[in-house]
Amino acid sequence: MNNRSERIRNILVPILSVLMGFILGAIIMLISGQDPIAGYQAMLKTAFQSPKSIGEIFVTAGPLIFTALGFAVANSAGFFNIGLSGQALCGWVTSIWVALSMPDAPRMVVLPLAVLAGALAGALAAAIPGLLRAFFGTSEVIVTIMLNYVFLYTSTHIVNNVMSKDLMTNKGVTKVIGENASLRTGFLKELSSGSRLNIGIFMALIFLVLIWFLMKKTTLGYEIRSVGLNPFASEYAGMSSKRTIVMSMVISGTLAGLGGVVLGLGTFGNFFVQGSSLSIGFDGMAISLLGAGSSVGIFLSAILFSVLKLGGQGMPLRAGVPIELVDVVIAAIIFFVAISYLIRFLLAKASGSKKEVAIVEELVGKSDPTSQEGGKI
Amino acid sequence: MDIALIAVLAPIITQTLVYSTPLVFTALGGTFSERSGIVNVGLEGIMVMGAFSSVVFNLTFAETFGAATPWLACLVGGVVGMLFSLLHAVATINLRADHIISGTVVNLMAPALGIFLIKVIYGKGQTDTITESFGYFSFPILKDIPILGDLFFKQTTLPAFVAILVAILSWFVLFKTRFGLRLRSVGENPQAADTLGINVYVMRYAGVLISGFLGGIGGAVFAQTIAGRFAVTTIAGQGFISMAAMIFGKWNPLGAMGAALFFGFAQNISIAGSNLPVISSIPAVYLQAAPYVLTIIVLVVFLGKASGPKAIGKNYIKSK
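Those sequence lines, one after another, are chains A and B.
Here the first sequence stands for residues 705 to 1081, where the numbers follow the working numbering.
Here the second sequence stands for residues 493 to 812, where the numbers follow the working numbering.
Below, the structure written as structure tokens:
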């Protein structure tokens, strides 16, 4: 079924979704009495105004790529990891805690240790829903949603009541980590004239390749994908679906944890109490869906989202458009990706060939009864 | 029972009811949606829209309608919630979208849209505090019953009793009426229901829209009893707790109500607990996390694999 027009549709769907998201944003601005052209101009001008702002685009993209990859891995195995925010939060708190408790250790010791600890925290956080799913059949969707809140309150508790007082500056805000644990380097800072650009984005690029390799070239990757396609057939073929379920969730959580690490050791340099789930969790999910889980797709989507997020900050000042419009546009883009059946169907109709329409109907219809296997509640 | 004990217990009961009411409404909404086979993780977003619209209505019309304002605002919240849930309905029922993704979009969209509109309307990130909120209410005759009257019917919150009434009504509708039977059959086996001439799409729309209406009311009640205004943090997790209550209650309206009352009690304790003797010594984190952890435990221990409507989360495509 991999014919040319289907491949074209696969590329057109995300592009059209983005376009329609922007159009919807424009309509909302028009209805609420604002100038959409001025709004989007302000967004682009803010995002690309200086080398520093361009550096910040990559600062924002780093953690997003990690959470998006995390979602993609779990999704290939047929699971919805909605707990990316919680897992990233675990990575963030843990890495900062490790970094702060070793202020005098050499960089070569403390930096890898803090990164590993953060990744491990994310992995453990995701292992819970993975194990429950594998051994009790509990829906990972519900468990990860619930755990997001558990981790949110736990992180606040750790910062306020568990961490020793001399690691804190104010209530709810930790000290800034030392140079020895920071992902930032003098060179990158100079290169981007003073932005917070750090090695995080390069780590993210390496992991884009690593995960591509893992999923496409290794046995584990093959097993994950085959369990995602048909768990019963995979079990029959001798694969342990229990092991694969747990492994895919652990890898997913490790990546989300690393997203939190980059946020902590790179972007902010400290931890402060969060009022709600980390946005990199849901944005990562959106990016992965928009990028259709592919490495290139995730990279491009992450850059797009970073431009949106950063550019959005300039919209209230330059055009009087509230920054929340960006999140409306992002939500709309995912909505259009979610209803891609409609887009595919219309594209096939537009091509004027009845055969194309039939192919689309069949492709989408067939995978349907088994979709949502992860949604057994 | 002496007067001192009543003086301690009565406010706890009232506050528990206050915190439970929004959860009861929203959990009932979730029950209707999931019974029809549509997973609704968008309850949180629907509550946000209900809270947003009710607060705007309340601020605008408080002078016109006086004490009736919060009640009318609840209806407005319900209607707006219903309109917003239409997004989820169209996507999942007609356009074959994944239920979880669509619900997540609802959750992402609602707070952003709400705050965007608040900024456009009021020029700031949050609204003023409403002037007309649900006050305390004493039942005319019932309050004179000894002990019981003091505990439940004096200086209490009326919306809670409405919510309990709606729960009983929902149970009746779901399990004792033809509509309820059809709604459930569509959630269990849409093919069979279709064969019997039940319009699967219509029933599923009904399920999602009822969930939007009740969820919107839930958000409106929360905004007008507890928060008092609308801001980003007004609805923070109540929609997910309601979803937990629905699962806890095994997709049964009365069970969902019971679970919502329990979660309301837990929320109330975690907030008011600092004044109570034993509870103040427990770190807040345990009480805050309790509803979520309990949900996971209940899922693992009591529900196991087969539970919930059979066809839940599966898109139904009518064959020609």
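Glycine residues also receive a C-beta, built at the ideal position from the N, C-alpha and C atoms.
These numbers were taken from a predicted model, which means no experiment stands behind them.
- Two segments are said to touch when three or more pairs of C-beta atoms, one from each, lie closer than 8 angstroms; by this definition the stretch 661 to 668 of chain B does not touch the stretch 682 to 698 of chain B.
- Identification of chain A residues near Ala589 of chain B by a Cβ-Cβ cut-off of 7 angstroms yields Ala1042, Ile1043, ordered along the chain.
- Note that the C-beta distance between Pro801 of chain B and Leu520 of chain B is not below 7 angstroms.
- Residues of chain B whose Cβ lies closer than 8 angstroms to the Cβ of Met850 of chain A are, in chain order, Phe732, Ala736, Tyr784, Val785, Thr787, Ile788.
- Taking 7 angstroms as the CB threshold, Glu1028 of chain A lines the interface with chain B.
- Note on Pro1026 of chain A: 16 or more other CB atoms within 10 angstroms of its CB, so buried under the neighbour-count rule.
- The C-alpha of Lys616 of chain B is placed about 44 angstroms away from the C-alpha of Ser952 of chain A.
- In this structure, the beta-carbon distance from Ser899 of chain A to Gly759 of chain A falls below 7 angstroms.
- Note that the C-beta distance between Phe770 of chain A and Gly963 of chain A is below 7 angstroms.
- Shown here for Leu753 of chain B: same chain residues with a beta carbon closer than 6 angstroms to its own, the five before and five after excluded, namely Ser512 in chain order.
- Separation of Phe645 of chain B and Phe631 of chain B (C-alpha to C-alpha, rounded to the nearest whole angstrom) is 6 angstroms.
- Where Thr798 of chain A is concerned, the enclosing alpha helix (DSSP H) starts and stops at 788 to 805.
- Taking C-beta atoms as the reference points, Gly822 of chain A and Val977 of chain A fail to come closer than 7 angstroms.
- Under DSSP, the beta-bridge partners assigned to Thr648 of chain B are B:Phe629.
- Between Ala1035 of chain A and chain B, the shortest Cβ-Cβ separation is below 7 angstroms.
- Of the other Cβ atoms in all chains shown, 16 or more fall within 10 Å of the Cβ of Met733 of chain A; this residue is therefore buried.
- Along the length of the stretch 526 to 606 of chain B, whole alpha helix (DSSP H) runs at least 4 residues long occupy 535 to 557, 561 to 581, reported in chain order.
- Scanning its chain for C-beta atoms nearer than 6 angstroms, with the 5 sequence neighbours on each side dropped, one finds no residue around Ile593 of chain B.
- In this chain, the beta strand (DSSP E) harbouring Met872 of chain A covers 872 to 874.
- As summarised for the stretch 938 to 1018 of chain A, there are no continuous beta strand (DSSP E) elements at least 3 residues long confined to that stretch.
- Pairing Ile800 of chain A with Gly970 of chain A gives a Cβ-Cβ distance that is not under 7 angstroms.
- Shown in chain order are the members of the stretch 851 to 870 of chain A whose Cβ falls below 8 angstroms from a Cβ of chain B: Leu851, Tyr853, Val854, Tyr857, Thr858, Thr860, His861, Asn865.
- The beta carbons of Ala737 of chain B and Ala748 of chain B sit closer together than 7 angstroms.
- Going by C-alpha positions, Pro562 of chain B is about 12 angstroms away from Thr556 of chain B.
- Under DSSP, Val877 of chain A takes part in a beta bridge, and its partners are A:Asn874, A:Phe976.
- The beta carbons of Gly699 of chain B and Ser525 of chain B sit closer together than 7 angstroms.
- In the DSSP assignment, Asn902 of chain A is bridged to A:Arg888.
- Shortest Cα-Cα distance from Asp494 of chain B to any of B:Gly522, B:Leu640, B:Ile733 involves B:Leu640.
- A Cβ-Cβ contact shorter than 7 angstroms links Phe986 of chain A with Leu600 of chain B.
- Put simply, the CB of Asp808 of chain A is far from chain B, with every gap to its CB atoms at 7 angstroms or more.
- Boundaries of the alpha helix (DSSP H) around Ala1036 of chain A: 1028 to 1042.
- Residue burial annotation: Phe839 of chain A is exposed, with fewer than 16 other C-beta atoms found within 10 angstroms of its C-beta.
- Trp663 of chain B carries a helical assignment under DSSP once its states are collapsed to helix, strand and coil.
- Ranked by how close their Cα comes to the Cα of Leu982 of chain A, the residues A:Val797, A:Leu716, A:Val777, A:Val722 have A:Val797 in first place.
- Scanning its chain for C-beta atoms nearer than 7 angstroms, with the 5 sequence neighbours on each side dropped, one finds around Val802 of chain A the residues Leu817, Ala818, Ala821, in chain order.
- Per DSSP, Phe754 of chain B is one residue of the alpha helix (DSSP H) stretching across 745 to 764.
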